[in-house]
Ligand code: BES
Ligand code: ZN
Ligand code: ZN
C-alpha cells in the first residue's frame with residue numbers, strides 16, 4: 023500500500039472512498055466531518071439523529087455521495103468517547119476503517135488524521151497511529167497461489183490535511199509508523215513462510231539482506247564456532263536436522279557500545295518444531311513453522327531500531343535451528359553440558375526452545391547489558407493460562423518489568439506477569455544433571471518451570487522472558503492483527519526502546 027500525505031480540502035479530494043470520523047455523543051459534527059456533512063445536505067447529522075451512526079469506537083457507516091462530492095463513497099468511523107481517546111483507540115479506528123474501505127473494493131482511499139483535532143493528539147503520534155494501523159491491518163501473509171489470489175486491495179492511502187503547518191509533522195509521524203509496521207510485517211513474513219523455504223540458512227540470508235539495507239552490523243556463527251564456545255545444549259537440538267544451525271548476531275551502534283545503554287534481545291528461532299523423538303501429534307503441527315516468531319521479532323526489532331536510529335546499543339541474538347529426527351538426533355535421557363558449564367538432562371526433545379535459549383542466554387552474558395529480554399514461543403501452557411489476551415512476562419527485575427508493562431499499555435501488546443517462585447526449582451531437579459528440561463509426566467506449572475529452566479542459565483544480568491506462544495499466531499482476528507502470523511512483541515519492544523531514556 024502506497025501512503026502519501028497531501029495538503030488539501032477533503033471536499034475536493036478525488037478518491038474511490040474518503041474516510042472521516044466521529045466522536046461518540048457529537049450531534050452536529052465539526053471540522054472535516056462537518057464539511058462533508060454540509061456537502062451531503064446534512065446526511066451525517068441525520069444518521070446521528072436516527073441513531074444509525076453513533077461514533078462508537080471502530081464502528082463504520084458507509085454513505086454514497088451521488089455526485090455531491092468528487093468521491094463516490096464516504097466512510098464514517100467512530101472514535102469512541104473523547105475522554106477515552108488515545109493512541110490505542112486511534113489505531114483501532116484506523117484499522118477498522120481501512121478494513122471496511124477494502125471491502126468496498128476501493129483502490130484509492132483518502133482519509134483525514136484521526137484525533138489530531140478535538141481528540142487533542144499530537145500530530146506526529148496521530149499520523150504514526152494512522153499509518154501503522156492501516157499497514158498492519160492490510161497485511162496479507164505470503165502465499166504461493168497459481169492465480170495470485172483474488173482479495174480486494176487498497177493500493178493507495180492518501181492522508182489529507184487542511185492545515186499546511188501540520189504537514190511536516192504528519193510526514194514525520196507517518197515515517198515512524200511505516201518503519202514500525204513494515205518491521206512487524208518483516209517478522210510476520212518470516213514466521214508465515216513455510217519451513218521448507220524458511221530454513222535457518224534462508225532466514226540468515228534474509229537477515230543479511232536486511233542488515234545491508236539498514237546498516238546494522240551482522241555476524242553469523244556457524245556450527246564450528248558454537249562448538250568451540252561449548253554450546254552443546256543448542257547443538258543437541260541442531261544435530262537432529264540436516265539443515266545446519268545458524269546463530270545470527272545483529273548490532274546497532276556497535277561502535278558506540280561503551281557510551282550508550284546496552285540492551286540485548288534474544289529470540290527463539292526454531293524454523294520448524296516436530297517435537298523430535300518426543301514427536302508432536304499431527305493436528306496443528308503445520309503451525310510449528312511459526313516456532314521462530316521470537317527470532318523473527320528480534321530481527322524485525324533491530325530493523326526498526328536501526329531505521330529509527332535510536333540512541334542505544336542494541337544487540338539481537340537469534341539461534342536458528344530445526345527440531346527434527348535423524349540418526350544423530352537427541353534422545354530423552356541424554357545429558358548435555360552447555361556454554362556456562364552447567365548440565366541438563368533431556369526429558370522431552372519437544373522442550374527444545376529452552377535448550378537453544380540456554381546457550382543463547384549464556385552468550386548474552388558477554389555484553390554486560392543493562393537488560394536482556396528474550397522472546398519465545400516456548401510453551402503450549404501459556405495459551406492454556408492466558409489464551410490470546412496477553413503474553414506471559416517473567417522477570418524478577420521490577421524496573422525492567424515496569425518498562426515492559428508501560429510499553430505494553432501504550433501499544434496494546436498486553437503482557438501479564440507470571441510467577442517464578444523459588445520452589446519451582448525443585449520441579450526441574452534432575453537425577454543425572456543440574457536440571458531437566460521438562461517435568462513430564464507431571465504437567466503442573468508448565469510455564470513457570472520453563473522460565474525457571476532459563477533462569478538457571480542466566481549469569482548476573484537483568485533479564486526478562488516473554489512467552490509469546492499464545493500470541494504469535496492470531497486465531498480470531500483483532501484490529502491490526504489479521505489471522506495468522508502476528509509479530510506480537512515487535513511494537514512492544516520498539517516502544518520500550520524508544521522510551522528507554524525517558
Ligand atoms: N514450540 C513449542 C511450544 C508451542 C506450543 C508453541 C503451541 C506454540 C504453540 C515448544 O517447543 C514445546 O513443544 N513445548 C512443550 C514443552 C513440554 C514438552 C515441557 C509444550 O508446551 O508442550
Ligand atoms: Zn517443542
Ligand atoms: Zn518449540
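Numbering (my numbering), first residue to last: 23 to 524. Beta carbons: idealized from backbone N, C-alpha and C, even for Gly.
Which term fits residue i, buried or exposed, when burial requires 16 or more other beta carbons within 10 angstroms of its beta carbon?
i           : result
residue 454 : exposed
residue 162 : exposed
residue 244 : exposed
residue 137 : buried
residue 464 : exposed
residue 388 : exposed
residue 360 : buried
residue 304 : exposed
residue 156 : buried
residue 331 : exposed
residue 168 : exposed
residue 29  : exposed
residue 86  : exposed
residue 350 : exposed
residue 50  : exposed
residue 504 : buried
residue 96  : buried
residue 241 : exposed
residue 523 : exposed
Taking DSSP's pairing of strands, which residues face residue i in a bridge?
i           : result
residue 486 : 395 and 417
residue 342 : 268 and 291
residue 358 : 366
residue 43  : 99
residue 243 : 269
residue 507 : 495
residue 285 : 336 and 393
residue 457 : 366
For ligand 3, I want to know if residue i counts as a neighbour, meaning its beta carbon is within less than 8 Å of at least one of the ligand's heavy atoms.
i           : result
residue 288 : no
residue 225 : no
residue 374 : yes
residue 292 : yes
residue 38  : no
residue 459 : no
residue 345 : yes
residue 313 : yes
Would you kindly report the start and end of the unbroken beta strand (DSSP E) that includes residue i?
i           : result
residue 295 : 291-295
residue 29  : 24-29
residue 100 : 95-100
residue 130 : 130-133
residue 308 : No beta strand (DSSP E) holds residue 308; DSSP gives it neither H nor E.
residue 180 : 178-183
residue 83  : 82-86
Please tell me whether, using a cut-off of 8 Å, the distance from the CB of residue i to the nearest non-hydrogen atom of ligand 1 is below it.
i           : result
residue 310 : yes
residue 79  : no
residue 194 : no
residue 217 : no
residue 109 : no
residue 209 : no
Starting from residue i, follow the alpha helix (DSSP H) in both directions and report where the run begins and ends.
i           : result
residue 448 : 446-449
residue 516 : 512-520
residue 613 : The question about residue 613 has no answer, for the chain in this structure spans 23 to 524.
residue 145 : 145-159
residue 437 : Unbroken run through residue 437 is the beta strand (DSSP E), 437-439; no alpha helix (DSSP H).
residue 211 : 189-214
residue 221 : Run containing residue 221: none; DSSP gives neither H nor E here.
residue 327 : 315-330
residue 109 : 109-125
residue 70  : 65-72
Is any heavy atom in ligand 2 found nearer than 8 Å to the beta carbon of residue i?
i           : result
residue 99  : no
residue 302 : yes
residue 48  : no
residue 492 : no
residue 262 : no
residue 305 : no
residue 489 : no
residue 297 : yes
Answer yes or no: the CB of residue i versus the heavy atoms of ligand 4, is any distance below 8 Å?
i           : result
residue 400 : This structure lacks ligand 4; its bound ligands are ligand 1, ligand 2 and ligand 3.
The stretch 229-237 in contact with the stretch 318-328 per 3-pair CB rule at 8 Å: When Cβ pairs closer than 8 Å are counted between the two stretches, the stretch 229-237 is seen to touch the stretch 318-328, the count reaching three or more.
Given 8 Å as the limit, is there contact between the stretch 274-287 and the stretch 188-201, that is, 3 or more CB pairs closer than that? Output reads no: the stretch 188-201 does not touch the stretch 274-287.
Count the CB pairs spanning the stretch 38-52 and the stretch 111-131 that are closer than 8 Å, and state whether there are at least three. The count of Cβ pairs closer than 8 Å, one atom from the stretch 38-52 and one from the stretch 111-131, reaches three, so the stretches are in contact.
Touch test, the stretch 412-429 against the stretch 475-495, Cβ-Cβ under 8 Å, three pairs minimum: The answer is yes - the stretch 475-495 touches the stretch 412-429, with three or more Cβ pairs under 8 Å.
So does the stretch 293-308 actually touch the stretch 342-356, counting three or more Cβ pairs closer than 8 Å? Yes: the two stretches touch, three or more of their Cβ pairs being nearer than 8 Å.
Is the stretch 351-370 close to the stretch 446-462, with three or more CB pairs under 8 Å? Cβ pair count under 8 Å is three or more, so yes.
So does the stretch 66-82 actually touch the stretch 104-116, counting three or more Cβ pairs closer than 8 Å? In short, these stretches touch, since the Cβ pair count reaches three.
Cβ contact (3+ pairs, closer than 8 Å) linking the stretch 312-321 and the stretch 209-218: Pairwise C-beta distances place the stretch 312-321 in contact with the stretch 209-218, as three or more of them are shorter than 8 Å.
Is it the case that the stretch 52-60 contacts the stretch 214-229, given that we only count it when at least three CB pairs across the two stretches are under 8 Å? Not touching, per the Cβ criterion.
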